[in-house]
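*Asks:*
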DNA sequence: CAGTGGTCTAGACCACAAG
DNA sequence: TTGTGGTCTAGACCACTGT
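Protein chains in written order, with full-length UniProt numbering: chain G, 1 to 242; chain U, 1 to 242.
#1: Tell me which residue opens and which closes the beta strand (DSSP E) that residue 230 of chain G is part of.
#2: Distance cutoff 8 Å, beta carbons only. Does residue 110 of chain U sit that close to anything in chain G?
#3: My understanding is that residue 108 of chain U touches residue 122 of chain U, with C-beta atoms under 8 Å, so please give their C-beta distance in whole angstroms.
#4: Starting from residue 8 of chain U, trace the alpha helix (DSSP H) both ways and give me its first and last residue.
#5: Which word fits residue 159 of chain G, buried or exposed, when buried means at least 16 other C-beta atoms lie within 10 angstroms of its C-beta?
#6: Between G/84, G/154, G/169, which lies nearest to residue 176 of chain G when the distance is taken from Cα to Cα?
#7: Would you say the region 166-174 of chain U touches the region 193-203 of chain U, given that touching needs at least three Cβ pairs under 8 Å?
#8: Answer yes or no: do residue 140 of chain G and residue 154 of chain G have a C-beta to C-beta separation smaller than 8 Å?
#9: Which residue marks the beginning of the alpha helix (DSSP H) containing residue 170 of chain G, and which one marks its end?
#10: Give the interface partners of residue 106 of chain G over in chain U, defined as CB-CB distance under 8 Å, in chain order.
#11: Report the residue from U/114, U/138, U/135 whose alpha carbon sits nearest the alpha carbon of residue 145 of chain U.
#12: Comparing the C-beta of residue 184 of chain G with each C-beta of chain U, is any distance below 8 Å?
#13: Quick check on this structure: which residue in U/25, U/182, U/216 has the alpha carbon closest to the alpha carbon of residue 224 of chain U?
#14: Let me confirm a value: residue 198 of chain U is counted as buried when at least 16 other C-beta atoms fall within 10 Å, else exposed. Which label applies?
#15: According to the neighbour-count rule (16 or more other Cβ atoms, all chains shown, within 10 Å of its Cβ), is residue 94 of chain U buried or exposed?
#16: So with CB distances below 7 Å, who are the chain U contacts of residue 28 of chain G?
#17: If I measure Cβ to Cβ from residue 25 of chain G and keep anything under 6 Å in the same chain, skipping five residues before and after, which residues do I get?
#18: Please classify residue 147 of chain U: does DSSP put it in a helix, a strand, or coil?
#19: Quick check on the burial criterion: 16 or more other C-beta atoms within 10 angstroms. Buried or exposed for residue 73 of chain G?
#20: Could you tell me whether any Cβ in chain G is nearer than 8 Å to the Cβ of residue 25 of chain U?
#21: Taking only three categories from DSSP, how would you classify residue 242 of chain G?
#22: What does the alpha-carbon distance come out to for the pair residue 61 of chain G and residue 220 of chain U?
#23: Short of 6 Å in beta carbon distance, which residues of its chain neighbour residue 117 of chain G, apart from the five on each side in sequence? Order them along the chain.
#24: First and last residue of the beta strand (DSSP E) that includes residue 27 of chain U?
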């Protein structure tokens, strides 16, 4: 392994990484105390090894619960790619779920109006949702949608529905991502809480516009999504033409 | 500050973050020992505070040297954006530099030939360079360029030259980014060494194709770049049309 | 050489989650 | 109540960097 000159905790982390590869995602990993006993070392050294695995996005840890094998699913964002979270996650082999935090209706601010190509003051739905993979929190989204496009939206959107499905079934809208911007940023305090992150680690910030190709350039949604990089392997790809 | 219930090292980190904001990038920060003395706490707690700042990309630390105020410069990647590292860094207010690690010439593998739209076995230049911001390592790139487009390339490329400048001055080529793919990945061991990273933290992996709009779709360069996320705030943006 | 961060030990108390 | 990880202390030795 060429782990000769390396620190103890790195060697242990490499060893554990091999062992982890054989386990199912979600399996509980040996605790700090167990590791310390197993390798005859101090608990802080065992902790350092587990933290190393956390930095590699191979495990997730939480206080009182333990350390578990993580799964990092690819999530591709490209012009024209399907904007559906559920579909993307399922394609990658995970089981997606969504929970609506809030749905409100309000007049558009200038900034939101610009994004949605509507007039300031027109009614917009503001939808906040949390996204899960295998029942683990993976991200959260604030969506802005033009009210006039979506009559009876509130009654048609159930708490755990895919927005994409609701748009397709009830409104015949098959939106496509026409603009996106991605950045790795320190999580704002409130987002860190939403995503169950301690401290202020880095989080993907994805802003995107969805348009319906059949609706003469109407913007269907402007969304701001925060994604945990340990849950989602965000891949952004674009071509200039075609 | 609402730092009431928070751990000591977080409170200290928040306090230091405010102090850091007043300092020039590159300034040395108080050492672990100094911090421990100043706040009457253990060195490990001081260390935890500095590591928290490192996680926030606000400082860079290295063994034997110390802890220094970091600067994270925005680096925008979008279709048609200038592919020049030097220009991008300068625009963001940093001083860019480049060091060539190696320049070799070899027949194209199938994979590289596909990218460059040439035949397998045709001669390609393979150029490995390291990129710096304010003399701090920020990334490294392996570039593949078709040999037939670049006669006398070796003598025209100096060690510290901007590839973009050489292409423009000597070959009249003004290439544009036509395809790009970005992902946050664990740094492979050799890349981690190149980028002076300890452990195996996450690194941006940017693959891109450059084409010259005046040269009938000839691919000028295929590049694979690894970027330190603490040095570069990578922003990817695309629109579907125009 | 002196100063830096990197690692490690042997303790301790705590908050949190789950049964 | 038990076990988990989170925090903190008081030491120690080491490797690396600069002078």
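Glycine residues also receive a C-beta, built at the ideal position from the N, C-alpha and C atoms.
*Replies:* This is what the structure holds:
#1: Unbroken run through residue 230 of chain G: none, as it is neither H nor E.
#2: no
#3: 5 Å
#4: 8-21
#5: exposed
#6: G/84
#7: no
#8: In this structure, residue 154 of chain G does not lie closer than 8 Å to residue 140 of chain G by Cβ.
#9: Start and end: 163-171.
#10: Those within 8 Å of residue 106 of chain G in chain U number zero; the least Cβ separation is about 27 Å.
#11: U/114
#12: With 8 Å as the cut-off, residue 184 of chain G counts as an interface residue toward chain U.
#13: U/182
#14: Answer is exposed; the Cβ neighbour count stays below 16.
#15: The residue is buried, with at least 16 neighbouring Cβ atoms inside 10 Å.
#16: The premise fails here: residue 28 of chain G is roughly 23 Å from chain U at the closest Cβ pair, so nothing lies under 7 Å.
#17: 69, 71
#18: Correct three-state label for residue 147 of chain U: helix.
#19: buried
#20: no
#21: Only weak support is given to the placement of residue 242 of chain G: the predicted model assigns it a pLDDT of 41, under 50, and the question is left unresolved by the model.
#22: 46 Å
#23: 219
#24: Residue 27 of chain U -> no beta strand (DSSP E), and no H or E assigned at all.
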